[in-house]
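Okay, structure first, notes after.
Set out below in structure tokens:
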């Protein structure tokens, strides 16, 4: 549950007025993994700061951490003194060096700011493209071991044939989320093994991969 002042009446009115005026944030950068465009932190700030000030609002973001994990709290403050503060967003940098922490900071600030203000920035397009990639799926290589019982999700046929397997783009996106969020390899494999009849990420169907991506993003 987020922290807030005893009253947010004035803040709520100002936020409603802000949302009536704010427009879709233009995308000005390209995701190197899926070649889709998205809005950078600088662009988002340049777009929203004048409108926030117009309605007596300001965004404040407070970084922190314990030397291993990075945390960020985002606060929306009204000129009346009313405020709403998010729960800390905790992330583990891929590399614990200035560059890794800087990248983690930008990522956290961008997503926290967009979520706090309910902005339309198109930043989740990479997940959408990964889930609906047109890249042909390659079945996992056959092994000499005896075949195990496969789940009905992957073997049940319909008029359109068996369910399609996970795409290469989905696999790449799953590993990107794992690295961005600092999920260990053991935890990653355990999440896959929790899916009935699955031992490897290459065995997931496209629909199972979509659910798996949502679980990773929610961690």
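In my numbering, the protein residues as written are -18 to 200. Just so it is clear, CB atoms sit at the ideal spot from N, CA and C, and this is done for glycine as well.
| query | result |
| --- | --- |
| Span of the alpha helix (DSSP H) around residue 166 | 166 to 174 |
| Start and end residues, alpha helix (DSSP H) containing residue 79 | 79 to 98 |
| Three-way DSSP call (helix, strand, coil) for residue 14 in this model | Confidence at residue 14 is low in this model, with a pLDDT of 46, below 50, so the placement of that residue is unreliable and no value is reported for it. |
| CB contact flag (residue 147, residue 185, <8 Å) | yes |
| Paired residues, beta bridge with residue 180 - DSSP | DSSP lists no partner for residue 180. |
| Range covered by the alpha helix (DSSP H) that runs through residue 44 | First-last for residue 44: 38 to 46, but that is the beta strand (DSSP E), not the alpha helix (DSSP H). |
| Residue 28, enclosing beta strand (DSSP E) - first and last residue | Note, residue 28: premise wrong, no beta strand (DSSP E); alpha helix (DSSP H) at 22 to 35. |
| Residue closest to residue 61, alpha-carbon to alpha-carbon, out of 54, 195, 154 and -6 | -6 |
| Close beta carbons around residue 74, own chain, < 8 Å, minus the five adjacent residues each side | 51, 81, 82, 84, 85 and 163 |
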